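J.: I'd like to ask some things about the structure below.
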Amino acid sequence: MHRSLAVVTLVVLAGCSGLGLGASADEPTVTPVPITTPDASDVDVPRANGSVDIDRVLARHDAALSDRSFHRRVVREGPQNTRDVWVDRERGVVRVRRTLGPVVDDAILFDGRRYRVASDDPDRAYTSEPSNATVPYVPTRSGEARLGQVLLEDGYQRVDTVRRGGRNLAVVAVNATGRGSGVDPSISAQSRLYVDSEGVIREVDHWERRPDGTIVYLRMAVTTDTERVPVPWWAEDIGVYG
2 MHRSLAVVTL VVLAGCSGLG LGASADEPTV TPVPITTPDA SDVDVPRANG SVDIDRVLAR
62 HDAALSDRSF HRRVVREGPQ NTRDVWVDRE RGVVRVRRTL GPVVDDAILF DGRRYRVASD
122 DPDRAYTSEP SNATVPYVPT RSGEARLGQV LLEDGYQRVD TVRRGGRNLA VVAVNATGRG
182 SGVDPSISAQ SRLYVDSEGV IREVDHWERR PDGTIVYLRM AVTTDTERVP VPWWAEDIGV
242 YG
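Start counting the sequence shown at 2; every next residue gets the next number (the numbering used here).
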């Protein structure tokens with residue numbers, strides 16, 4: 002469920018010009034290095050009612066990750082906690098790791114079973130039970146559900162196109178003020194997403210201030226060049242990779 006805030010004007014500086022100080026006659030002439038300008042037409046972002054359609058952006062993100070391997074990392078400050086999701090589609094391996102301060106929860110889904118680290122049991126390294134493919138600690142593997150709760154429902158605009166990691170990324174952003182509704186109301190928010198040509202949300206930077214003064218900062222990054230899920234020490238004898 003999205004939240005609504007009053008959207009204010011977002012100012013984006015695409016670049017900075019020089020200070021206007023020309024080179025002296027004694028200085029050598031420097032030949033500028035050609036800079037490749039990202040092609041905005043390479044990345045399509047769905048729109049509705051004059052702004053970016055965030056629901057469709059999230060749905061495309063989920064669909065784009067549904068048939069590929071990836072690593073998704075979320076870091077939330079205030080309070081500090083992290084979520085890591087690794088997916089190996091070819092071998093059918095999923096790992097989810099959650100931290101909240103010093104507390105670490107870790108789980109692996111493999112071959113129809115769910116394995117969890119037995120951090121509170123000194124007699125065994127992990128527990129095992131049948132899995133129905135539901136991943137623990139996160140509502141969805143792609144992050145679609147969580148982003149749907151955090152991001153605002155409207156007001157996002159495409160403000161730039163940048164090139165990172167060999168990809169052109171559409172920059173979608175909003176600045177908003179006002180009191181949101183729901184269980185996590187905010188009085189202000191600044192949000193920015195980086196979306197590639199296949200619909201994958203590669204990065205998210207989301208900042209918001211709560212009515213009690215609490216600052217929440219959430220960052221997400223997604224990579225799709227994952228070849229293997231990193232196997233933790235406690236799961237080494239499960240035989241995930243033989």
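By construction, the Cβ of each residue, glycine as well, lies at the ideal position given by its N, Cα and C atoms.
Here the structure is a predicted model, which is why all the values come from computation and not from measurement.
Considering only residues of the same chain and omitting the five flanking positions on each side of R73, which have a CB-CB separation below 6 Å?
T.: Taken in chain order, the residues that qualify are V86, G144 and V223.
J.: Could you give the first and the last residue of the continuous beta strand (DSSP E) run that contains D107?
T.: It spans V104 to F111 - the beta strand (DSSP E) in which D107 sits, taken as one unbroken run.
J.: For R114, which residues of its own chain have a beta-carbon under 8 Å away from its beta-carbon, when the five flanking residues on both sides are left out?
T.: Cβ within range, chain order: S129, E130, P131 and S132.
J.: Report the rounded CA-to-CA distance for D45 versus L194, giving the unit in angstroms.
T.: Distance between the alpha carbons of D45 and L194 is about 14 Å.
J.: In the structure shown, what three-state DSSP assignment does R164 receive?
T.: Note: R164 maps to strand in three-state DSSP.
J.: Relative to the C-alpha of R203, which residue among N82, A49, I216 and V173 is closest?
T.: It is V173 whose Cα lies nearest to the Cα of R203.
J.: Can you tell me whether DSSP reads E204 as helix, strand or coil?
T.: Three-state DSSP puts E204 in a strand.
J.: Less than 8 Å between the C-beta atoms of V97 and V160, yes or no?
T.: No, they are not a contact pair.
J.: Q81 by DSSP, collapsed to three states: which one?
T.: Coil at Q81, not helix or strand.
J.: Measuring CA to CA, which of D122, V151, L110 and G156 is closest to Y138?
T.: Of D122, V151, L110 and G156, the residue nearest in Cα terms is L110.
J.: Going by C-alpha distance, which of R164, Q191, Y218 and S187 is nearest Y157?
T.: Nearest C-alpha to Y157: Q191.
J.: Mapping DSSP to helix, strand and coil, what is L59?
T.: Note: L59 maps to helix in three-state DSSP.
J.: Express the C-alpha separation of N50 and R107 in angstroms, rounding to a whole number.
T.: Per the sequence shown, the amino acid found at residue 107 is Asp instead of Arg. For D107 and N50, the distance between alpha carbons rounds to 42 Å.
J.: Once the 5 residues before and after R48 are set aside, which same chain residues still bring their CB inside 7 Å of it?
T.: Around R48: D54.
J.: With respect to the beta strand (DSSP E) encompassing L219, which residues constitute its N-terminal and C-terminal limits?
T.: From DSSP, the beta strand (DSSP E) with L219 extends over I216 to T224.
J.: Using a 10 Å radius around the Cβ and a threshold of 16 neighbouring Cβ atoms, would you call L101 buried or exposed?
T.: With fewer than 16 Cβ atoms within 10 Å of its Cβ, L101 is classed as exposed.
J.: Nearest to T225 by CA position, among S52, V151 and G166, is which residue?
T.: Considering only alpha carbons, the answer is G166.
J.: Let me check one thing: in DSSP terms, what residues is V89 bridge-paired to?
T.: Correcting the residue identity first, residue 89 is Asp in this sequence and not Val. DSSP lists V94 as partners of D89.
J.: Mark S70 as exposed unless 16 or more other C-beta atoms lie within 10 angstroms of its C-beta, in which case mark it buried.
T.: The residue in question, S70, is buried, as its Cβ has 16 or more Cβ neighbours within 10 Å.
J.: In terms of residues, what are the limits of the beta strand (DSSP E) holding V151?
T.: Element bounds for V151: not the beta strand (DSSP E) but the alpha helix (DSSP H), E145 to V151.
J.: Express the C-alpha separation of R77 and W208 in angstroms, rounding to a whole number.
T.: Each residue's alpha carbon lies about 10 Å from the other.
J.: Taking P233 as part of the beta strand (DSSP E), name the residues at either end of that continuous run.
T.: Element bounds for P233: n/a, residue is neither H nor E.
J.: For L153 versus V118, is the C-beta distance shorter than 8 Å?
T.: No, these two residues do not count as a Cβ contact at 8 Å.
J.: So what does DSSP say about Y242, is it helix, strand or coil?
T.: Three-state result, Y242: coil.
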